[in-house]
Amino acid sequence: MKLALLLVVTTLIISVSSDGEDLYKLLGVARDATVKEIRKAFKGLAVKLHPDKNKDDPDADAKFIKLTHAYDVLKEPDSRKQYDLYGETTDRAQTKYHSYSYYRDQFGLYDDDPLIVTLSKADYEVNVLDKNQAWFINFYSPQCHHCHDLAPTWRKLAADLEGVVRVAAVNCEEDFVLCHQLSIEAYPTLLYYEKEAHMYEGERYRASKGFADLKRFVLSKLTVDVQKITKDAWSVSKGNQWLLFMCGSSGDCPELETQKKLAAILDGLMMVGVIEDETLSSEIYKDQTSVVFWQIGEDAKAHPITGSDSKEILDNVLDLLPNPVAITEVDFKEIRRKLRSDEEQPWLLCFYLGTATELNLQLKRLPTMISDIQIGLVHCGRSSSLCSSLHVSHYPAWGILKEGGAFELHHGRDVLYEVAAFARDSSASTNLHAISPADFHNIKEEGGAWFIDWYAPWCPPCRKLMPEMRRASQHFNPEQVKFGTIDCTLHTGLCNREGIRSYPTTVFYNGTKPKQHFHGTLSESGIVEFVDDMINPSVITLDSANFVKLMRKPESEMWLVDYYAPWCGPCQQLSTQWRIVAKQMKSFENVKIAQVDCVENSDLCSAQNIRSYPTIRLYPFDSKGLNSVAMYGGHRDALSLRNWIMSFLPTSVHALSSKDFRSKILNRNPMTPWLVDYYAPWCGPCLQFEPDFRMVSDKLEGIVNSGKVNCEIDRNFCIEMRVTSYPTVILYFNSQNWYHISSRNPEDIVARVKNLIEDNKNRILHDEF
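Numbering (mature numbering (1 follows the signal peptide of the UniProt record, and there is no 0)), first residue to last: -20 to -1, 1 to 749.
Shown next as structure tokens:
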């Protein structure tokens, strides 16, 4: 069935007035609900409240339109973000809904299946780009009868391969853009992603879609290792934890499929092997058995394992592994007390309802991955007040109690390796705090430096930023700056009062100083660089009190000043580039990079006739105060700004023609070495390197002569000098003694040149002796 299939649906289009109802409450979901939870809740309500089933209710249409409208808003990240921040932004919205049979039989074929992951455009890439898990994905349309025919088989496959591979589905009626992006042209289309595959590297499955063929395909893709163990190999390997298949002539050995499935499921928890040597089998376990669990510890021991298939064997093995500790509300308070006084290790807590059977494999594998973190179970049915106070709203949920007593919830996927990574990062990030409105009020009152991330837990970019925040926080002592997170789904009023307009929004606060929004790269290095610059600013902040520094500028200084307004979008974009320029120009002591906030200092900016933002002015050398000024009107990136600034600086770099080069370097033995930059004016890297070469020239003035050769003009000469790429930097002692400088970093070039000059002096002295 082609994507261009004509959809025949019963729809009703009506104008809806916004009455201020909470859309989350309307669907009965938490504000941090996942898309799958929202879809599942809507489907349940749709089947019950559809007008086709409530013909006696005159308000049935209006009620159902509200539900459909709530679903339409909350299922898409962009519209959900707008709703979270601003509520209903229009008085009327156009809404349509399908017939009752659609919601009953076709809407989200796999939404109710706990083993099949429903993927969407918002989370597709972050899921399939998984170095620890392979994915098998079914792209379908609810209108496609072949998709309905495959559905029971797909559910059976997910149950049979649970833990072996992640089985998923994408509804192409709901995520048409994603399906089009992946060139899905027919339904159903099945894609298989190996571990660490990229988004467009899914392998199309083209064989029969019967259960046996699908399972055979997946098992053929597994790269797990079931080792054959000899007596010599066992003497070396028995210090590890093993699941052993006794496959001698008298044993009832599990079939190869069962072996491979268990090896995939237990990968990272224990090794899996086959023993065909009956003597070795009897040494390990004297009685006849087909499966043995070799448990290590103070007293290594073999346990016979019963079971006719992989699931039974797995359950019996896991039952022999130690269970996590059950944590009550009293226990939680005692652990937190000990953590605050450094008497306890961090705890990873799993919050759940019902039984923890489904979590069994994860809970048993985690201790091997986070051995220095204790693991506990909190039953939220028995400890409801504790779970409520910690804002646990879905199950299972994971949280870390870390050194100092801080608590942090995991908002990523419920995937083993992500949970383990969260536990490691969060427990190490003792300088990252979850902040409440009361905490934020105290921060504003007490002052101090804080870098705060305003986020929503359902927002994909927010989840991507969170581990970067944790790692960035580890670079700073709390005495320098503290890091915090504020959940805008829990604290909507605070986020509105603070003018949060998007997720994530990251802001640096420092007492009474104006807050600074971060607009750079949302990565560990980007955050560290920004925060470090906020603590140790490279940009001078001018205001009405200290603007006199510029007014009294001596002729020996040059100032570059950005007049800006905090609310101005281009000013915000410039701010990151401005800090980069300031750092790059730091080695020029007489060049000052400054900024003026024209909202805080409106009279000052008015007196300077500032009429637009940002306004960039340069006050050059050889002029006092504000007597001479140059206006900048070029691109506002760091490279363009730096090149413009450098054009105002005196330079010691000589422009060399081929004739100059021969007379000054080739035809004589210069007393002072020459450092030469070969370039072409059309070469992008050459343009980027030019300011750096000028910095090098200034730092080496008196040690070397600096020159540059335009290889566009003197092309034949550059070929003669064996220059094959631009820029090329060469240090010449004479025509026979020269060295290529490979680095483009100014500090590295200066250090390399000085070392070469010292080596050359030593060699000359040695030759003289």
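Ideal Cβ placement from N, Cα and C applies to all residues, glycine included.
{"Item": "Nearest to Thr259 (by Cα), restricted to the options Asp299, Met251, Asn735 and Ile209", "Value": "Ile209"}
{"Item": "Alpha helix (DSSP H) segment containing Pro458, residue limits", "Value": "From DSSP, Pro458 is part of no alpha helix (DSSP H); its letter is neither H nor E."}
{"Item": "Alpha-carbon to alpha-carbon, Asp52 and Ala73", "Value": "Legend: pLDDT at Ala73 = 49, less than 50; position of this residue unreliable, value from coordinates given subsequently. Spanning the two alpha carbons is a distance of roughly 10 Å."}
{"Item": "According to DSSP, residues forming a beta bridge with Asp12", "Value": "BP columns for Asp12 are empty, so no partner."}
{"Item": "Start and end residues, beta strand (DSSP E) containing His497", "Value": "Lys493 to His497"}
{"Item": "Distance CB(Val271)-CB(Ile285) smaller than 7 Å", "Value": "yes"}
{"Item": "CB of Glu388 within 7 Å of CB of Ala414, strictly", "Value": "yes"}
{"Item": "Spatially closest choice to Ala377 from Gly392, Ala386, Tyr173 and Leu6, by CA coordinates", "Value": "Gly392"}
{"Item": "C-beta contact flag for Ala131 and Leu89 at 7 Å", "Value": "yes"}
{"Item": "Arg393 - DSSP class collapsed to helix/strand/coil", "Value": "coil"}
{"Item": "Beta-bridge partners of His720, as assigned by DSSP", "Value": "Ile710"}
{"Item": "Any beta strand (DSSP E) of 3 or more consecutive residues that is wholly inside the region 317 to 355", "Value": "327 to 332"}
{"Item": "Contact under 7 Å by Cβ, Val27 with Tyr83", "Value": "yes"}
{"Item": "CB contact flag (Leu249, Thr348, <7 Å)", "Value": "yes"}
{"Item": "Rounded straight-line distance, which links the Cα of Phe312 to that of residue 760", "Value": "The chain is shown only over -20 to 749; residue 760 falls outside these bounds and no answer can be derived."}
{"Item": "Leu474 beta carbon less than 7 Å from that of Pro417", "Value": "yes"}
{"Item": "Leu(-18) versus Lys136: straight-line alpha-carbon distance, rounded", "Value": "For Leu(-18), the pLDDT reaches just 38, beneath the cut-off of 50, and the residue's location in the model is therefore unreliable, although a value from the coordinates is still provided. Roughly 26 Å separates the two Cα atoms."}
{"Item": "Chain-order list of residues whose beta-carbon lies under 7 Å from that of Thr308 (same chain, five-residue window excluded)", "Value": "Ser363"}
{"Item": "Among Gln113, Val561 and Lys55, the one whose alpha carbon lies nearest that of Glu154", "Value": "Lys55"}
{"Item": "Expected contact under 8 Å - CB spacing of Tyr544 and Asp583 to nearest Å", "Value": "No, Tyr544 and Asp583 are not in contact; Cβ-Cβ is about 16 Å, not under 8 Å."}
{"Item": "Helix, strand or coil at His30 [DSSP, three-state]", "Value": "coil"}
{"Item": "N- and C-terminal bounds of the alpha helix (DSSP H) containing Ile245", "Value": "Leu236 to Ile245"}
{"Item": "Three-state secondary structure (DSSP) of Gly506", "Value": "helix"}
{"Item": "Coarse secondary structure for Thr485, derived from DSSP in three states", "Value": "strand"}
{"Item": "Neighbourhood of Glu142 by C-beta distance below 7 Å, restricted to the same chain and skipping five residues each side", "Value": "Leu95"}
{"Item": "Closest by C-alpha distance to Leu412, when choosing among Tyr397, Leu202 and Ile432", "Value": "Ile432"}
{"Item": "Pairwise C-alpha distance: Ser715 and Asn649", "Value": "8 Å"}
{"Item": "Val633 and Ser705 closer than 7 Å at C-beta", "Value": "no"}
{"Item": "For Val252, the three-state DSSP class (helix, strand or coil)", "Value": "strand"}
{"Item": "Presumed contact (8 Å Cβ cut-off) between Tyr173 and Val108, rounded CB distance", "Value": "5 Å"}
{"Item": "Same chain only: Cβ atoms within 7 Å of residue 750, ignoring 5 sequence neighbours per side", "Value": "Since the first residue of the chain shown is -20 and the last is 749, residue 750 is not available in this structure."}
{"Item": "For Asn740, the three-state DSSP class (helix, strand or coil)", "Value": "helix"}
{"Item": "Expected contact under 8 Å - CB spacing of Tyr80 and Lys33 to nearest Å", "Value": "6 Å"}
{"Item": "Length of the line joining the Cα atoms of Ala562 and His374", "Value": "47 Å"}
{"Item": "Pro440 in three-state terms, based on DSSP", "Value": "helix"}
{"Item": "CA-to-CA distance, Gly549 to Ala192, given in whole angstroms", "Value": "58 Å"}
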